[in-house]
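What follows is a single structure, written as structure tokens, with notes after it.
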Amino acid sequence: MTHGSVVELDRDGAPQRWLSPDGAVVAEIAADRLRISLTGVHDRPISVEPLASQHPVLGEVHAIRAGDSELARVAAVDWQRPARIPAIDAPARVPTGAGTTLLNVLALGAPAAGPRLRYVGPYPTPALWASLHECFVAEAGATEARFTAGVLERALLGDVAEVPIDFVPAPFERVQVAPRAVVHLSDGVERLYLGGACDRGKAKDS
Numbered sequence: 319m320t321h322g323s324v325v326e327l328d329r330d331g332a333p334q335r336w337l338s339p340d341g342a343v344v345a346e347i348a349a350d351r352l353r354i355s356l357t358g359v360h361d362r363p364i365s366v367e368p369l370a371s372q373h374p375v376l377g378e379v380h381a382i383r384a385g386d387s388e389l390a391r392v393a394a395v396d397w398q399r400p401a402r403i404p405a406i407d408a409p410a411r412v413p414t415g416a417g418t419t420l421l422n423v424l425a426l427g428a429p430a431a432g433p434r435l436r437y438v439g440p441y442p443t444p445a446l447w448a449s450l451h452e453c454f455v456a457e458a459g460a461t462e463a464r465f466t467a468g469v470l471e472r473a474l475l476g477d478v479a480e481v482p483i484d485f486v487p488a489p490f491e492r493v494q495v496a497p498r499a500v501v502h503l504s505d506g507v508e509r510l511y512l513g514g515a516c517d518r519g520k521a522k523d524s
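Numbering (this note's numbering), first residue to last: 319 to 524.
Next comes the structure, spelled out in structure tokens:
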């Protein structure tokens, strides 16, 4: 990658490890689970693991955990070869930076499955739109208003239909520049974390 990050692929071309420029492992990726390390922002790794139970809206889900604590659930997806961008049932409970890093893992894996992804779920919020723009480029002419159209109704109805906007992968690189300072880099600085606080950079152009 441009700034020195490395994505290790399996024999079929799907990502299995994402390493930062200094060689630290950011993510270990398997089809049905993953583990991400957010050193510099959080002390505990975040894991995603399959659950036997079904979510009433999302159906088959994976649990997002910090240590032994379950934080939220995400619709099941193949993390190495994703066919869609899945919904998280409680994104506010996911630690700062973890949700965007999960989206970036999807962006890393998307080329192994197809050239673009669409969001499938009942929560196409402005916050999700902004986070998606850190690691994807939306199709020409796509707008936040179009992405979020009817979001309250979708949430109330549990509408899991896909949002008809294509997102082309454009993953960022995660670089720790000081003990408690991390930047997400792409064409420029997408996001800066200082001691857990976050400042968003300029989104990619559509």
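Every residue, glycine too, gets a C-beta built ideally from N, C-alpha and C.
Since the model is a prediction, treat every value here as computed from it, not as a measurement.
Taking all protein chains shown into account, decide if Glu-452 is buried (16 or more other Cβ within 10 angstroms of its Cβ) or exposed. The residue given as residue 452 occupies position 134 in the sequence shown. Buried: at least 16 other Cβ atoms inside 10 Å.
Below 7 angstroms CB to CB, which residues in the same chain sit around Val-481 once its five sequence neighbours on both sides are set aside? For the purposes of this step, residue 481 is taken as the residue at position 163 of the sequence shown. The residues are Arg-436, Tyr-437, Pro-442, Phe-465.
Under the rule that 16 or more other beta-carbon atoms within 10 Å means buried, what is Pro-487, buried or exposed? Residue numbering aside, residue 487 sits at position 169 when the sequence shown is read from its first letter. When all chains shown are included, Pro-487 counts as buried.
For Pro-374, count neighbouring Cβ atoms within 10 angstroms of its own Cβ and tell me buried if that reaches 16, exposed if not. Mapped onto the sequence shown, residue 374 falls at position 56. Here Pro-374 is exposed. Its C-beta has fewer than 16 other C-beta atoms within 10 Å.
Can the beta-carbon of Arg-492 be found less than 8 angstroms from the beta-carbon of Val-324? What you label residue 492 is simply residue 174 of the sequence shown in a count that begins at 1. What you label residue 324 is simply residue 6 of the sequence shown in a count that begins at 1. Here Arg-492 is not near Val-324, since their CB atoms are 8 angstroms or more apart.
Pick out whichever of Val-495, Gln-494, Pro-489 has its Cα sitting closest to the Cα of Asp-505. Stepping through the sequence shown from its first residue, residue 505 is reached at position 187. Cα-wise, what sits closest to Asp-505 is Pro-489.
Gln-372 to Gln-334, Cα distance in whole Å? The residue labelled residue 372 in the question sits at position 54 within the sequence shown. The residue labelled residue 334 in the question sits at position 16 within the sequence shown. Going by the C-alpha atoms only, they are around 27 angstroms apart.
Rounding to the nearest angstrom, what Cα-Cα distance links Asn-422 and Val-379 in this structure? Working through the sequence shown from its first residue, we reach residue 422 at position 104. Working through the sequence shown from its first residue, we reach residue 379 at position 61. Whole-angstrom Cα-Cα distance: 19 angstroms.
Would you mind listing the alpha helix (DSSP H) stretches within the segment 442-507 that are 4+ residues and don't spill past its ends, in chain order? DSSP runs (the alpha helix (DSSP H)) wholly in the segment 442-507: 444-450, 462-466, 469-475.
First through last residue of the beta strand (DSSP E) which encompasses Ala-408: For the purposes of this step, residue 408 is identified with residue 90 of the sequence shown, where counting begins at 1. From DSSP, Ala-408 is part of no beta strand (DSSP E); its letter is neither H nor E.
Can you pull the DSSP bridge partners for Pro-333? Counting from one through the sequence shown, the residue named residue 333 turns up at place 15. DSSP output for Pro-333 lists Leu-327 as bridge partner(s).
May I ask you to list the residues that DSSP assigns as paired with Pro-368? Translated into positions along the sequence shown, residue 368 becomes position 50. Paired residue(s): His-380.
Would you kindly check if the distance between the Cβ of Val-366 and the Cβ of Leu-356 is under 8 angstroms? Sequence index remark: in the sequence shown, residue 356 carries index 38 (1-based). Sequence index remark: in the sequence shown, residue 366 carries index 48 (1-based). No, the pair does not count as a contact, with Cβ atoms beyond the cut-off.
How would you label Pro-444, buried or exposed, when you count the other beta carbons within 10 angstroms and need 16 or more for buried? The residue you call residue 444 lines up with position 126 of the sequence shown. Per the 10 Å Cβ criterion, exposed.
Among Gly-385, Asp-484, Gly-439, Gly-415, which has the Cα closest to the Cα of Leu-474? Looking up residue 474 in the sequence shown gives position 156. The candidate whose alpha carbon is nearest that of Leu-474 is Gly-439.
Could you tell me if Val-495 is buried or exposed, where buried requires 16 or more neighbouring beta carbons within 10 angstroms of its beta carbon? For the purposes of this step, residue 495 is taken as the residue at position 177 of the sequence shown. It counts as exposed.
Does the segment 383-391 come close enough to the segment 403-414 that 3 or more CB-CB pairs lie under 8 angstroms? yes
Along the chain, where does the beta strand (DSSP E) that runs through Val-343 open and close? Residue numbering aside, residue 343 sits at position 25 when the sequence shown is read from its first letter. Element bounds for Val-343: 343-347.
Tell me, please, which residues DSSP counts as bridged to Thr-517. As a working note, residue 517 is residue 199 in the sequence shown. Checking the sequence shown, residue 517 turns out to be Asp, not Thr. The partner list for Asp-517 (beta bridge, DSSP) reads Leu-510.
For my contact list, Ile-354 and Pro-363 are in at a C-beta cut-off of 8 angstroms; report their separation, rounded to the angstrom. Along the sequence shown, read from residue 1 onward, the residue named residue 354 stands at position 36. Along the sequence shown, read from residue 1 onward, the residue named residue 363 stands at position 45. In this structure, Ile-354 and Pro-363 form a Cβ contact; the two beta carbons are roughly 6 angstroms apart against a cut-off of 8 angstroms.
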